[in-house]
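Participant: In my numbering, the protein residues as written are 126 to 275.
Glycine included, C-beta positions come from ideal geometry on N, C-alpha and C.
Just so it is clear, the structure is predicted and the values come from calculations on it, not from any experiment.
My questions all concern the structure below.
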Amino acid sequence: MSRLSFLPSPVFSGKRAVKKVPFVEIREGRIQGVVSSGSDIERVYVSFIELSTGHYSCSTNNNRPCGGLRGSPCKHICELVEEAVEEYGEESVLAILGAEPGATAMTHLMGLKGTQVKDNVAVIFSRFLDYLRLTALRAPQRFVPEMNWF
Ligand SMILES: [Zn+2]
Numbered sequence: 126m127s128r129l130s131f132l133p134s135p136v137f138s139g140k141r142a143v144k145k146v147p148f149v150e151i152r153e154g155r156i157q158g159v160v161s162s163g164s165d166i167e168r169v170y171v172s173f174i175e176l177s178t179g180h181y182s183c184s185t186n187n188n189r190p191c192g193g194l195r196g197s198p199c200k201h202i203c204e205l206v207e208e209a210v211e212e213y214g215e216e217s218v219l220a221i222l223g224a225e226p227g228a229t230a231m232t233h234l235m236g237l238k239g240t241q242v243k244d245n246v247a248v249i250f251s252r253f254l255d256y257l258r259l260t261a262l263r264a265p266q267r268f269v270p271e272m273n274w275f
């Protein structure tokens with residue numbers, strides 16, 4: 126499996142739902158990130174879906190499994206995919222996926238029929254926290270690659 130790691134350019138559509146999905150990135154062959162809980166403001170989910178297999182994972186930041194995973198990706202993973210499309214543009218995401226014409230990123234990924242996998246998502250969450258720390262710093266008057274996702 127390819128472990129593609131690169132940063133496509135965000136398209137700044139102005140439609141990113143940052144409160145719902147504070148962090149989304151395409152990295153390590155996955156769409157991955159942090160999704161707010163719909164019901165509990167204190168809770169977030171750390172989720173990913175693999176681009177080549179459709180395998181997925183979702184758990185809270187305290188490493189509890191997401192109750193929405195019942196043999197298929199939960200709403201957090203769907204929200205993450207939607208936000209990746211907003212962040213990078215459907216065309217870029219489809220190109221990365223190598224999707225058939227007429228597919229959307231969502232139909233392509235769900236069509237892979239991946240299964241739930243266990244993986245350490247702490248690295249995703251700690252990178253998010255690291256980036257959050259940067260938002261509190263005084264901004265230099267130049268491009269900051271680490272803030273590309275925001
Ligand atoms: Zn979930």
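Kindly confirm or deny that the segment 210-220 and the segment 180-199 touch, where touching means at least three C-beta pairs closer than 8 Å.
Facilitator: With a cut-off of 8 Å, the segment 180-199 and the segment 210-220 do not count as touching, because too few Cβ pairs lie within range.
Participant: Please list, in chain order, all residues of the same chain as residue 162 whose beta carbon is under 6 Å from its beta carbon, the five residues on each side excluded.
Facilitator: Stepping through the sequence shown from its first residue, residue 162 is reached at position 37. Only 168 meet the Cβ criterion.
Participant: Alpha carbon to alpha carbon, what distance is there between residue 152 and residue 249?
Facilitator: Your numbering for residue 249 matches position 124 in the sequence shown. Your numbering for residue 152 matches position 27 in the sequence shown. Roughly 10 Å separates the two Cα atoms.
Participant: With a threshold of 8 Å (Cβ to nearest heavy atom), would residue 194 be considered close to ligand 1?
Facilitator: The sequence position of residue 194 within the sequence shown is 69, counting from 1. Yes - ligand 1 has a heavy atom lying nearer than 8 Å to the Cβ of residue 194.
Participant: Does ligand 1 have a heavy atom nearer than 8 Å to the CB of residue 174?
Facilitator: Translated into positions along the sequence shown, residue 174 becomes position 49. It does not: the Cβ of residue 174 is nowhere closer than 8 Å to a heavy atom of ligand 1.
Participant: What residue range is occupied by the uninterrupted alpha helix (DSSP H) comprising residue 151?
Facilitator: Stepping through the sequence shown from its first residue, residue 151 is reached at position 26. First-last for residue 151: 148-152, but that is the beta strand (DSSP E), not the alpha helix (DSSP H).
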